[in-house]
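Here is the structure we will look at, set down as structure tokens.
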Amino acid sequence: MQAKCIARHFLENIEVSLAPGYKPDWQMWPIPKPRDGLRVTVRAA
């Protein structure tokens with residue numbers, strides 16, 4: 006429950022976005038995930 010509250014307040018005050026034109030290269034095995042770690046930009050909202 007506390008994690009949900011922290012996540013809610015955190016996400017209300019920031020903006021997370023991908024770089025324009027970013028296309029992640031996916032690693033499909035053993036778990037699908039971006040190879041470069043999904044680079045994002047985080048800014049204050």
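The opening residue of the sequence shown carries number 6 in the numbering used here; numbering runs sequentially from there.
Just so it is clear, CB atoms sit at the ideal spot from N, CA and C, and this is done for glycine as well.
Everything numeric in this text was worked out from a predicted model, so none of it was measured.
DSSP places Ala12 within a helical segment (H, G or I) once states are collapsed to three. For His14, there are no CB contacts under 7 Å within the same chain when 5 residues up- and downstream are skipped. Under DSSP, Glu17 shares a beta bridge with no residue. Annotated as proximal: Val47 and Ile19, with beta-carbon spacing under 7 Å.
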